[in-house]
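Protein chains: 4
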Amino acid sequence: MTTFGESHGPAIGCVVDGCPPGLALDEAEIQGWLDKRRPGQSRFTTQRREPDAVRIVSGVFEDDEGGQVTTGTPICLMIENVDQRSKDYGDIKDKFRPGHADFTYLEKYGIRDYRGGGRSSARETASRVAAGAVARKVVPGMTVRGALVQVGPHGIDRDNWDWAEVGNNPFFCPDAEAAQAWESYLDGVRKAGSSCGAIIEVVASGVPAGLGAPVYGKLDQDIASGLMSINAVKGVEIGAGFASAAWSGEENADEMRMTDGKPDFLSNHAGGVLGGISSGQDVVARFAVKPTSSILTPRKTVDRAGDDTEISTKGRHDPCVGIRAVPVGEAMMALVLADHYLRHRGQNG
Amino acid sequence: MTTFGESHGPAIGCVVDGCPPGLALDEAEIQGWLDKRRPGQSRFTTQRREPDAVRIVSGVFEDDEGGQVTTGTPICLMIENVDQRSKDYGDIKDKFRPGHADFTYLEKYGIRDYRGGGRSSARETASRVAAGAVARKVVPGMTVRGALVQVGPHGIDRDNWDWAEVGNNPFFCPDAEAAQAWESYLDGVRKAGSSCGAIIEVVASGVPAGLGAPVYGKLDQDIASGLMSINAVKGVEIGAGFASAAWSGEENADEMRMTDGKPDFLSNHAGGVLGGISSGQDVVARFAVKPTSSILTPRKTVDRAGDDTEISTKGRHDPCVGIRAVPVGEAMMALVLADHYLRHRGQNG
Amino acid sequence: MTTFGESHGPAIGCVVDGCPPGLALDEAEIQGWLDKRRPGQSRFTTQRREPDAVRIVSGVFEDDEGGQVTTGTPICLMIENVDQRSKDYGDIKDKFRPGHADFTYLEKYGIRDYRGGGRSSARETASRVAAGAVARKVVPGMTVRGALVQVGPHGIDRDNWDWAEVGNNPFFCPDAEAAQAWESYLDGVRKAGSSCGAIIEVVASGVPAGLGAPVYGKLDQDIASGLMSINAVKGVEIGAGFASAAWSGEENADEMRMTDGKPDFLSNHAGGVLGGISSGQDVVARFAVKPTSSILTPRKTVDRAGDDTEISTKGRHDPCVGIRAVPVGEAMMALVLADHYLRHRGQNG
Amino acid sequence: MTTFGESHGPAIGCVVDGCPPGLALDEAEIQGWLDKRRPGQSRFTTQRREPDAVRIVSGVFEDDEGGQVTTGTPICLMIENVDQRSKDYGDIKDKFRPGHADFTYLEKYGIRDYRGGGRSSARETASRVAAGAVARKVVPGMTVRGALVQVGPHGIDRDNWDWAEVGNNPFFCPDAEAAQAWESYLDGVRKAGSSCGAIIEVVASGVPAGLGAPVYGKLDQDIASGLMSINAVKGVEIGAGFASAAWSGEENADEMRMTDGKPDFLSNHAGGVLGGISSGQDVVARFAVKPTSSILTPRKTVDRAGDDTEISTKGRHDPCVGIRAVPVGEAMMALVLADHYLRHRGQNG
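Chains as they are written, first to last, in the working numbering: chain F, 5 to 353; chain S, 5 to 353; chain W, 5 to 353; chain V, 5 to 353.
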């Protein structure tokens, strides 16, 4: 997958190459996934109004039954940018916003598109969700779901986990009680012009055993790479993750027993990956999203001229970017698994 | 970098391609880094006796001054396996060890080299340390250091951090007090035939601003990929990492001020990476290593014939593989940074 | 570079990643190169009417002087398909056209977009010309020029070579006399509904010495790959090429002499590449284009139902696709050299 | 595949990654192919005495039947350099040999291993033959054969083509009459200390239809890349190649007819590749090898100090490197086809 486009350019999009032929694919289906990530759906996300309408530019054709399927050639998906509100970028143009890529871009390229963060904008992630919609179709029987498990310092109660709840609140939260608590917490954050971080969990079910590789191209390595490549992500863990550092080998072992004539595991601390290869269990990953850097409270910074100054970021920002990161995390998980599924089939038939 | 070799095959090694020419490189220097990872140096690591003597097979030549330097062509480094103790692999051969890759390998390939874990053995990481020794020379002025910051449930006191202490104890621990406490804790673990996990921190200083890319090929993405590719690693974080999820935007912001005529940061929660690009600050990453899966206490498992059974792993195993993971983590960090340094120079001159 | 799009889909285009920042780039300049390849410019090329108007979708921004320059982020270039004439594809839909990819596509994918050849259409090469326009700006001082040196069995007289003539005839022919002869020859071919092949020569001047690599990533290897990837190309040679097989070592040697204080070559049989690395001389490559497969004379073939039949291809086809292959060959040469220039700078500073 | 090693270093070798598991592979079989390329087998090749004994360092293991098979992990193959005759490199060290990479290496790297050409030595091709021996096993039912079809200006008579003859003469010549003529011709070349070029044809039979891709990753593109990457190769063509430029569309068309209930072609001017994808016919490629640059007759050159001088290359050189290029060409063809076979299986199942 290759993506292109800036926050305030004419359009963003991606090219998905190497997709198997013959998979049913139409714009409505991709749109369904994009709508989950779309801004402006509740008061807890940016009020930028983007329809995020996707257009399949290439790589599909009608099959013999008149349906539309992939042809095996590159699939280009495009999303026009619509709400590029004309505004004063004065402050952002010349001052380095703490936590943003302003300083590092300029150090690297000597030039940057300061409108809405340019290439570093989270708008780029819409392309990933679109590409992920294609990837979901590649592995037969696979389902990828995500949920928000922590907002600011407030985690869920895992005993309340109910996937059905995820669609019932604006946070993708699987714990109905926590969702209610988050609502008032986030209202406070939002009204204060502040922001908070979050932790997202992504679970892929129906992943066949055998995907990945023992060294380089490990499945967990590529999941870590894919999730860490999402804007604002600062940490990734698989299965028990950081918690396992404190455990003993006895506690951490996922014991096995024959069940219905097949080897099965009695726990899943490994998160579905052993030695870089999928075990057939659910693949479980979590990632941490830092608090949105754009906040109202003035912060110390410097400007391009080399003077000390302060900056306060107004504008239409998410108080917690972690919320909309849920469908993006799902998409990256789906892309990595689809890729490994095809590579495994190539090497091992 | 490409590596090859199994735990109990004749040799392991790697090929480093694309290295700049003219860098001084000899076997003694690489050996110095390998010796840090070498097994059998204290009672807290495996008692396998491997000299881990490295041989430069290609890619170096004498320069006009008679020194030995890289030529710019592929550098092959080899380490002969010496201590491949003949032993009874009966149990490992047919039973799936919990936490090991036995089951997933067989699912993927239908065959596996069961001697010492074969390709999935941590012995492969010696190749990485050797390659990392080359990578350290690529970025002028860069230093990469690592330290163990948690063993089992016991973390260090960061106020005691002293890099000089790292070489004074068998744990690469920067806190002399913690090191002492760990000694008795680990003796207990070792004598019980048990194991524990660990957390390692790697810090790269002297990294120029501008390395990385805004999307795909992000510096933090590649660091996450590199560290997660090390055996037994289950989590990676950059800068404040998972902790930042609980913070507010105000707390997380790394404010800036002009210092000695240059923009500088007042904190480093970002871990030296903003928007996927290095900021010139220290690049800071941590990774979690799960407890060694080979333990004496019997665990439930199944065998290849499909029968329920138990397994208890004897043999020469590290009670805490996280200790020897320190130089490996340093090597992976150095490799990723060297690669991005060359890519940045290619694109941006 | 990644391209996407089919002959009769809504649009074609490409994404150029890794381009250095700060290069002046606007649509008018890219358009200039595209206009050289554009169909319908003389009676010797297809009469399909495509404006081939290029649009820069991403990767550029105004610099401090108000000009438009590359930002270092992915550049997406798009060309809308306009003249997708509604027509009866009946014959092409079910019969395999000899010399076309109809049979092999169906064997590979089980589905194909039969409209105008779909993805295998030469229309895809417009994307390459657009990308090549970017690549031309990457290597300072480099010029890439191409010329048609043979049409059907009729070659040029190399003593008449005059680059200035290339723009004076519809064939990119550097020999004014040959151009005149080709005109009547090609009129005959065209009126007969037949077709002919061609040989194109591409010359890159101002290429610095040192680009390429001794093994894998050889400069000549990548030029061969790039040129052979153009539709209908069946052969590629560098410098003296196939002719050198008949020579002696004495004849083939490019002797050297100091000239103006610098080492210089007295001939260029090597075509500017020695051991996979550029020598600083002109890089010279030639490629052979087979005759257009779409001809009026009926040819024996089979259909999807498995019956013997005949096919005669009507429609708007180039009697000699080799003509419009000239700017495409230039573009591929420029892309390969730009890529190696950046890679060389990365490794060797 | 990655290779490493210099002509006069301790060893050369390669790492083959991504090979399917379960393929029978032992050293004796690889050795058989290497022996075809081995120097010193007749008076027409270099008299350097290298046993070229290959050692499998990794990636194989005994299977349940006790045979040795690939495990799916990286296969490292090594060949020790034995006959590194101590000699005076004085001339080669400081003078640039015309036709060699001496000048370009120094321009690129500022340093070069002048012993026997270092990394640019044709000795590197032994690694390719070894890797090719693995690749031959990947595509079921595929056979790759090569033959010398022209030596200096003397071509074969294609009517005499008999594959059985290829093993009956020291030239891999399929025409017994031509082989006899070449013997006296090459004796003359050899005694004069001169050299000549050659053309090699490689034919892969039993290649399934569908390998390759419509754009980028075209099968013919990758064959061209693979063959052009062999030392001293200056041209590559597929099927009718350069000759097709002179033909009409009617002559060039490979017509089709149903044969035994399956579509078949009546000719193979395409060389088995249509639109970048294999058609199921024999894949046919030819490549031109320039005359060996090392000749006895003095040639004008310059030295590192910048003075005009002359050079005459003594030593153990092949009068026609094209002869030993035959097994190398076969190996590269096998590697490209194996790679595409696995990629096709990955994408299309």
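Backbone N, C-alpha and C define an ideal beta-carbon position, used for all residues, glycine too.
Just so we're clear, the structure is a prediction, and the values are computed from it rather than from any experiment.
Query, Result
"Residues from the stretch 316-345 of chain W in contact with chain V, defined by Cβ distance under 8 Å", "Gly326"
"Residue nearest to W:Gly22 in terms of C-alpha spacing, selected from W:Leu346, W:Asn352, W:Gly171", "W:Leu346"
"Beta carbon proximity, S:Arg349 to chain A, threshold 8 Å", "Given the protein chain composition of this structure (F, S, W and V), no chain A is represented."
"Interface residues of chain S facing W:Gly22 [CB-CB closer than 7 Å]", "Gln351"
"Extent of the continuous beta strand (DSSP E) to which S:Phe364 belongs", "With chain S covering only 5 through 353, there is no way to say anything about residue 364 of chain S."
"For V:Met146, the first and last residue of its enclosing alpha helix (DSSP H)", "Unbroken run through V:Met146: none, as it is neither H nor E."
"Partner residues on chain F for W:Val86, Cβ-Cβ distance less than 7 Å", "Chain F residues near W:Val86: none, gap ~15 Å exceeds 7 Å."
"Cross-strand partners of F:Glu241 (DSSP beta bridge)", "F:Arg290, S:Gly239"
"Pairwise C-alpha distance: V:Pro102 and W:Asp258", "6 Å"
"Residues that V:Ser1 contacts on chain S, provided the C-beta gap is smaller than 7 Å", "With chain V covering 5 to 353 only, the question about residue 1 of chain V has no answer from this structure."
"Residues of its chain near V:Trp37, where Cβ-Cβ distance is below 6 Å and the 5 sequence neighbours each way are ignored", "Val133, Ala137"
"Buried versus exposed, by CB contacts within 10 Å (16 or more), V:Pro25", "buried"
"Start and end residues, beta strand (DSSP E) containing W:Pro267", "266-269"
"Contact set between W:Tyr109 and chain V, taken where Cβ atoms lie within less than 8 Å", "Pro218, Gly279, Ile281"
"Whether W:Gly353 touches W:Ile281 by CB criterion (8 Å)", "no"
"Proximity test, Cβ basis, 8 Å: V:Arg194 and chain W", "no"
"contact_flag[the stretch 263-275 of chain W, the stretch 164-176 of chain W] where n(CB pairs < 8 Å) is 3 or more", "no"
"Cβ separation of S:Gln35 and F:Ala249, assumed to be a contact under 8 Å, to the nearest whole Å", "With a Cβ gap of about 30 Å, S:Gln35 and F:Ala249 do not count as contacting."
"Check whether S:Ser229 and F:Gln225 have beta carbons under 8 Å apart", "yes"
"Where V:Gly17 meets chain S, residues with beta-carbon distance less than 8 Å", "Val61, Cys80"
"Residue range of the unbroken beta strand (DSSP E) whose run includes V:Val86", "Looking at the DSSP string, V:Val86 is not in any beta strand (DSSP E), and its letter there is neither H nor E."
"Through-space distance from F:Gly150 to S:Asp30, alpha-carbon basis", "50 Å"
"Where the alpha helix (DSSP H) through S:Phe107 begins and ends", "106-113"
"Segment contact, 8 Å Cβ cut-off, at least three pairs: the stretch 251-266 of chain F with the stretch 191-200 of chain S", "yes"
"Selection from V:Gln51, V:Glu54, V:Val73 that minimises the alpha carbon distance to V:Ile60", "V:Val73"
"Three-state class that DSSP yields for V:Thr305 in the structure shown", "strand"
"Terminal residues of the alpha helix (DSSP H) in which S:Ala134 lies", "129-139"
"Within the stretch 181-218 of chain S, ranges of the beta strand (DSSP E) (whole runs, at least 3 residues)", "202-209"
"Chain V contact for W:Val287 (CB, 8 Å cutoff)", "no"
"Those residues which DSSP pairs with W:Gln72 across a bridge", "W:Glu66"
"For W:Ile60, the residue or residues it bridges with in DSSP", "W:Leu81"
"For S:Pro323 and S:Leu190, the rounded distance between their alpha carbons", "8 Å"
"Range of the contiguous alpha helix (DSSP H) that encloses V:Ala228", "223-232"
"Anticipated Cβ contact below 8 Å, S:Ala139 with S:Ile160, distance rounded", "With a Cβ gap of about 27 Å, S:Ala139 and S:Ile160 do not count as contacting."
"DSSP bridge partner residues for S:Leu341 (one or two, in chain order)", "Per DSSP, none; premise fails for S:Leu341."
"Counted within 10 angstroms of its Cβ, other Cβ atoms place V:Asp117 as buried (16 or more) or exposed", "buried"
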